[in-house]
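Data block below; observations after.
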Amino acid sequence: GILTSGGDAPGMNAAIRSVTRAAIGSGVEVVGIYRGYRGLIDGNLKVFTPRDVSNIINDGGTMLWSDRCLEFKTPEGMAKAIATCEKFEIDGIVAIGGDGTFKGAIDLARHGIAAIGLPGTIDNDITSTDYTIGFDTAVNTTIQMVDRLRDTCESHARCNVVEVMGRDCGDIALYAGIATGATEILIPEVKFDENEIFERMNKYKEEGKRHFIIMASEGIGSEYCESLTKKIAEHTGIETKFARLAHVVRGGSPTLRDRLLGATMGIKAVEELLAGNSNLVICENDDKIVSLDIEFALALDKMYKGKLKDGDLDKFSEEQIQQMKDRCAEAKAKVESLYKMAEDISK
Ligand code: F6P
Numbered sequence: 079g080i081l082t083s084g085g086d087a088p089g090m091n092a093a094i095r096s097v098t099r100a101a102i103g104s105g106v107e108v109v110g111i112y113r114g115y116r117g118l119i120d121g122n123l124k125v126f127t128p129r130d131v132s133n134i135i136n137d138g139g140t141m142l143w144s145d146r147c148l149e150f151k152t153p154e155g156m157a158k159a160i161a162t163c164e165k166f167e168i169d170g171i172v173a174i175g176g177d178g179t180f181k182g183a184i185d186l187a188r189h190g191i192a193a194i195g196l197p198g199t200i201d202n203d204i205t206s207t208d209y210t211i212g213f214d215t216a217v218n219t220t221i222q223m224v225d226r227l228r229d230t231c232e233s234h235a236r237c238n239v240v241e242v243m244g245r246d247c248g249d250i251a252l253y254a255g256i257a258t259g260a261t262e263i264l265i266p267e268v269k270f271d272e273n274e275i276f277e278r279m280n281k282y283k284e285e286g287k288r289h290f291i292i293m294a295s296e297g298i299g300s301e302y303c304e305s306l307t308k309k310i311a312e313h314t315g316i317e318t319k320f321a322r323l324a325h326v327v328r329g330g331s332p333t334l335r336d337r338l339l340g341a342t343m344g345i346k347a348v349e350e351l352l353a354g355n356s357n358l359v360i361c362e363n364d365d366k367i368v369s370l371d372i373e374f375a376l377a378l379d380k381m382y383k384g385k386l387k388d389g390d391l392d393k394f395s396e397e398q399i400q401q402m403k404d405r406c407a408e409a410k411a412k413v414e415s416l417y418k419m420a421e422d423i424s425k
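According to the numbering used here, the sequence shown is numbered sequentially starting from 79.
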């Protein structure tokens with residue numbers, strides 16, 4: 079079975095196609111499950127042939143549709159999902175999505191259904207993988223939008239505060255900010271001082287700069303992003319507009335990177351299931367596609383996001399905990415070095 083859950087992301091269809099064709103090619107029957115875990119509860123699924131996934135590789139969104147299904151988290155919901163798996167002889171599931179999707183996969187595995195997670199989210203907020211399916215497209219779409227805003231800012235000597243998605247991860251803002259030469263990048267991972275921003279902007283204005291792009295991640299607070307627009311105008315005298323790109327950067331045809339990532343991760347997921355493995359998440363680390371224990375990946379994620387609760391690390395060895403700490407330090411250092419680079423060249 080294959081499903082997509084949580085926020086859709088460009089490249090999910092490439093992964094669905096890859097999982098379906100790789101599995102069928104190995105003699106395994108595949109069912110597409112519609113609307114995420116909700117489809118498992120409702121029995122909303124279809125036996126796929128290779129033709130069912132043709133002409134989708136270029137489509138954004140997910141042809142299997144998505145859902146954030148709360149009922150699946152209840153014992154009753156899980157019982158219905160397991161009954162569906164038994165009825166349709168589903169032995170293994172590939173679940174594409176973010177950390178919420180992976181929690182669902184772990185629950186399925188605990189109930190005897192082999193489960194493999196694929197990281198699919200525009201946010202790039204899964205600490206165990208360098209890239210998630212959908213991130214590259216979302217950043218490229220953001221770049222296109224911001225380039226347009228810049229044209230009009232330059233013409234009118236204006237500033238534009240641009241808020242982009244990312245829940246509590248600033249990667250879309252950070253990468254797109256660097257690529258569009260944003261004046262300032264505001265992300266939840268790095269502290270900033272608004273008075274210093276105003277000072278810098280005033281200096282650049284005196285030097286003759288006409289366009290100002292302030293790239294802000296929703297993780298610093300959507301209300302704050304909007305209120306900053308007014309404050310900038312007050313403290314700099316620069317006419318300032320606000321743009322929230324929101325879901326517009328979640329759609330659209332996937333880039334080469336997201337199609338390749340979806341395809342390669344999909345094949346790897348099928349290989350793992352055929353080898354009798356379960357409870358894994360497929361990741362890209364240093365350009366290699368690898369499989370990691372999904373519970374390790376979730377604990378690592380909580381560690382990075384400062385969300386660990388008492389007991390969350392009990393089941394892990396000292397060595398695993400050290401690996402998590404190293405990975406967190408690496409991820410933090412990567413964000414800081416990119417941020418510094420952006421600062422150095424935005425003057
Ligand atoms: O996780 C992907 C994401 O697009 C986040 O960037 C954003 O905060 C959230 O989903 C929006 O969720 P919804 O689609 O339910 O509005």
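Note that the Cβ used here is the ideal one computed from N, Cα and C, for glycine as well. Predicted model only: the values in this text are computed from it and were never measured.
Point to revise | Proximal residues to Lys380 (C-beta, below 7 Å), its chain only, five neighbours per side dropped | key: Shown here for Lys380: same chain residues with a beta carbon closer than 7 Å to its own, the five before and five after excluded, namely Leu386 and Asp390 in chain order.
Review point. Under the criterion of a Cβ to heavy atom distance below 7 Å, does Ile200 qualify as lining ligand 1?
Key: For ligand 1, at least one heavy atom lies less than 7 Å from the Cβ of Ile200.
Review point. Which value, in whole angstroms, describes the spacing of the CA atoms of Met156 and Tyr115?
Key: Cα to Cα, Met156 sits roughly 9 Å from Tyr115.
Check your understanding: For ligand 1, is there a heavy atom less than 7 Å away from the beta-carbon of Met141?
Key -> Set against 7 Å, the gap from the CB of Met141 to the closest heavy atom of ligand 1 is not smaller.
Point to revise | Proximity winner among Ile292, Asp371 and Ser132, relative to Lys309 (alpha-carbon distances) | key: Ranked by how close their Cα comes to the Cα of Lys309, the residues Ile292, Asp371 and Ser132 have Ile292 in first place.
Check your understanding: Under the DSSP definition of a beta bridge, which residues are partnered with Leu123?
Key -> Residue pairing of Leu123 in beta bridges, as defined by DSSP: Ile111.
Point to revise | Endpoints, beta strand (DSSP E) assigned at Ala159 | key: Element bounds for Ala159: not the beta strand (DSSP E) but the alpha helix (DSSP H), Pro153 to Lys165.
Check your understanding: Around the C-beta of His289, are 16 or more other C-beta atoms found within 10 angstroms, so that it is buried, or is it exposed?
Key -> His289 comes out buried.
**Study point:** Proximity winner among Ile316, Val240 and Gly105, relative to Glu277 (alpha-carbon distances)
**Key:** Minimum Cα distance to Glu277 is reached at Ile316.
**Study point:** Expected contact under 8 Å - CB spacing of Leu370 and Val359 to nearest Å
**Key:** Yes, they are in contact, since the Cβ atoms of Leu370 and Val359 sit about 6 Å apart, within 8 Å.
Exercise for review: Answer with buried or exposed for Arg113, where buried requires no fewer than 16 other C-beta atoms within 10 angstroms of its C-beta.
Suggested key: With 16 or more other Cβ atoms within 10 Å, it is buried.
Review point. Looking at C-alpha atoms only, which residue of Val106, Asp404, Arg99 and Phe270 is the closest neighbour of Leu378?
Key: Distance check between Leu378 and each of Val106, Asp404, Arg99 and Phe270 places Asp404 closest, using alpha-carbon atoms only.
Check your understanding: Are Gly139 and Gly175 close, meaning C-beta to C-beta below 8 Å?
Key -> Going by C-beta atoms, Gly139 is not nearer than 8 Å to Gly175.
Practice item. Per DSSP, which residues does Arg129 bridge with? Please list them. Key: DSSP lists no partner for Arg129.
Check your understanding: For Lys319, which three-state DSSP category applies?
Key -> Secondary structure of Lys319 (DSSP, three-state): strand.
Check your understanding: How long is the line joining the alpha carbons of Val224 and Asn122, rounded to whole angstroms?
Key -> When rounded, the distance between both Cα atoms is 40 Å.
Practice item. Just the C-alpha distance for Ser295 and Ser104, rounded to the nearest angstrom, thanks. Key: Whole-angstrom Cα-Cα distance: 43 Å.
Point to revise | Exposed unless 16 or more other CB atoms sit within 10 angstroms - verdict on Glu408 | key: By the neighbour-count rule (16 or more Cβ atoms within 10 Å), Glu408 is not buried but exposed.
Check your understanding: Which whole-angstrom value is the C-beta distance of Thr261 and Arg228, which I expect to be below 8 Å?
Key -> The C-beta distance from Thr261 to Arg228 rounds to 10 Å, too long to meet the 8 Å contact threshold.
**Study point:** Asp185 to Phe320 span [Cα, whole Å]
**Key:** Between the alpha carbons of Asp185 and Phe320 lies a distance of about 42 Å.
**Study point:** Cβ neighbour criterion (16 or more within 10 Å) applied to Leu334
**Key:** Classification for Leu334: exposed.
Check your understanding: What did DSSP end up calling Leu386 once you bin it into helix, strand or coil?
Key -> Secondary structure at Leu386: coil, using DSSP grouped into helix, strand and coil.
Exercise for review: Closer than 7 Å by C-beta to Glu267: which residues in its own chain qualify, once you throw out the five before and the five after it? Chain order, please.
Suggested key: So the qualifying residues of the chain are Gly248 and Val413.
Check your understanding: How about Gly244 and Asp201: are their beta carbons less than 8 Å apart?
Key -> Going by beta carbons, Gly244 and Asp201 fall inside the 8 Å limit.
Practice item. Give a single yes or no on whether Gly84 has its beta carbon closer than 7 Å to a heavy atom of ligand 1. Key: At least one heavy atom of ligand 1 is nearer than 7 Å to the Cβ of Gly84, so yes.
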